[in-house]
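So the protein sequences, as listed, match chains Z and L. Sequential numbering from 1 applies to the first sequence in the numbering used here. Sequential numbering from 1001 applies to the second sequence in the numbering used here. Cβ atoms here follow ideal geometry from the backbone N, Cα and C, with glycine treated the same way. First comes the structure, then the notes that go with it.
Number of protein chains: 2
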Amino acid sequence: MKKAFVRRPSAEPASPAERIVTTATRLFESQGYAATGINQIIAESKTAKASFYDHYPSKELLGKEYLARYGANHLALIRTLMDRSGSPAEFIHSWVRILKRQLKLRKFYGCPMSNLRAQTADSSPLLKAAVKDLADSTIELIASYIRTANPGGLFAAQKTATLAARRIFSAYEGAIHIWQLTGDEAALDDIGFMAEQVLKSRD
Amino acid sequence: MKKAFVRRPSAEPASPAERIVTTATRLFESQGYAATGINQIIAESKTAKASFYDHYPSKELLGKEYLARYGANHLALIRTLMDRSGSPAEFIHSWVRILKRQLKLRKFYGCPMSNLRAQTADSSPLLKAAVKDLADSTIELIASYIRTANPGGLFAAQKTATLAARRIFSAYEGAIHIWQLTGDEAALDDIGFMAEQVLKSRD
């Protein structure tokens, strides 16, 4: 299960900075950002305290790096799925399939943007802004895709495409939270249903 | 802004247990459950430490009480709105109006079920189960309403009504999270749109 370690050739040991981020990611995901203290990250990443603070002067900056890495993967995944899909409906279908696979492999802890936002409340303007940037980028990416996937169609106007993209992202967040609240995996299927309604609407 | 104190007649001072819950609620909402320590609750509720532990032997039990009180209000509000509404669409409309009013009054911190779930990750089976109970009750309440609001109609079957209710609750959770992530209040309007699609669907 320790994929990050398996992947790395043993001849090239992880740098302290890498070990810190890998450990922090595992702990932020499994026990939450708020519940994870710097001392635990230092201990479990086997880093010297001074070295830790050299790389990350605060937990907040480590949280920002964690979110940035997640965000890069998240947007890259969405772009790859879009490139491979023939239509927005097909893209949504693939996206849901990936979520379900992560769930099955127990590698899914919900939406990191949303978890981080809930765990920092209004106490971190830095993380709040980073979360907003990533959420806005997600909506823009989906909007630009559904606008170009159907030129001259229902979503030709920027405003209409952005509204539809927000609703699709909302269906994604909603379904993930219903799954987190109830434990009902079938909730993820609602993403496909909801997105289909959004994509055929003239509203 | 300290409404709980304003409301209470000065002749009848709050009991320690009440002061603890009121203070905990304010802190859990404004700074988050995970970020709130017992010592802060003790200090700000002006309770003796021994008295605090008499009432709440652990933060988890206080979290459970906080969720139970929120849950009772949440379900009562939904029931009241249903009683006053002529149709499921009207009920959703009133529900969204209440959310927007709370937002305007800066008394809205998102969904307490979902915030608590994100902030305890898998570390508290007690709170996880309490959150699941409340989420399931919310879905059941909505399902029973849309089934009886339209007897013999699209949602006459228990299974269909429960599916529609889950999707409506998903639209509610999704919209609240999009608002939390992006700061865009218009996201709350998506609840009405999504619920409308769900309520007219034959899926």
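Nearest candidate by alpha-carbon position, reference residue i, set the options
i: residue 30 of chain Z; options: L:1140, L:1124, L:1132, L:1198; result: L:1124
i: residue 183 of chain Z; options: Z:121, Z:106, Z:66, Z:69; result: Z:106
i: residue 15 of chain Z; options: Z:32, Z:28, Z:52, Z:40; result: Z:52
i: residue 1069 of chain L; options: L:1153, L:1193, L:1026, L:1181; result: L:1026
i: residue 108 of chain Z; options: Z:28, Z:45, Z:79, Z:196; result: Z:28
Residues near residue i by beta carbon distance below 6 Å, same chain, minus five either side
i: residue 1 of chain Z; result: Note that residue 1 of chain Z has pLDDT 42, beneath the 50 cutoff, so the model's placement of it is unreliable and no number is given.
i: residue 59 of chain Z; result: 38
i: residue 195 of chain Z; result: 92, 168, 171
Per-residue DSSP class, three states only, for residue i
i: residue 184 of chain Z; result: coil
i: residue 107 of chain Z; result: coil
i: residue 1150 of chain L; result: coil
i: residue 145 of chain Z; result: helix
i: residue 2 of chain Z; result: Low per-residue confidence applies at residue 2 of chain Z: pLDDT is 43, beneath 50, and the placement is therefore not dependable enough to give any value.
i: residue 32 of chain Z; result: coil
i: residue 57 of chain Z; result: coil
i: residue 37 of chain Z; result: coil
i: residue 1122 of chain L; result: coil
i: residue 1155 of chain L; result: coil
i: residue 1047 of chain L; result: coil
i: residue 1132 of chain L; result: helix
i: residue 87 of chain Z; result: coil
Same chain, Cβ closer than 7 Å to residue i, neighbours up to 5 away in sequence not counted
i: residue 166 of chain Z; result: 139
i: residue 1179 of chain L; result: 1185, 1187, 1188
i: residue 1111 of chain L; result: 1173, 1176
i: residue 1087 of chain L; result: 1149
i: residue 1104 of chain L; result: none
i: residue 1040 of chain L; result: 1027
Whole-Å CB distance - residue i paired with residue j, under 8 Å assumed
i: residue 213 of chain Z; j: residue 131 of chain Z; result: The question about residue 213 of chain Z has no answer, for chain Z in this structure spans 1 to 203.
i: residue 985 of chain L; j: residue 1169 of chain L; result: For residue 985 of chain L there is no data in the structure shown, the boundaries of chain L being 1001 and 1203.
i: residue 1098 of chain L; j: residue 1077 of chain L; result: 7 Å
i: residue 1081 of chain L; j: residue 1113 of chain L; result: Between residue 1113 of chain L and residue 1081 of chain L the Cβ distance is about 18 Å, and since that is not below 8 Å, they are no contact.
Other residues of its chain near residue i: CB distance less than 8 Å, five sequence neighbours each side excluded
i: residue 1056 of chain L; result: 1020, 1062, 1065
i: residue 1137 of chain L; result: 1071, 1075
i: residue 1034 of chain L; result: 1119, 1120
i: residue 1198 of chain L; result: 1164, 1167, 1168, 1171
i: residue 122 of chain Z; result: 128
Cβ-heavy atom distance, residue i to the ligand SAH, below 7 Å
i: residue 181 of chain Z; result: Because no ligand of any kind appears in the structure shown, any question about the ligand SAH cannot be addressed here.
CB contact check: residue i to chain B, cutoff 8 Å
i: residue 1131 of chain L; result: This model lacks chain B altogether; the protein chains it does include are Z and L.
(message) Under 8 Å, with one C-beta from each stretch per pair, do the segment 1152–1168 of chain L and the segment 153–160 of chain Z reach the 3-pair mark?
(response) Because the criterion of three Cβ pairs below 8 Å is not met, the segment 1152–1168 of chain L and the segment 153–160 of chain Z do not touch.
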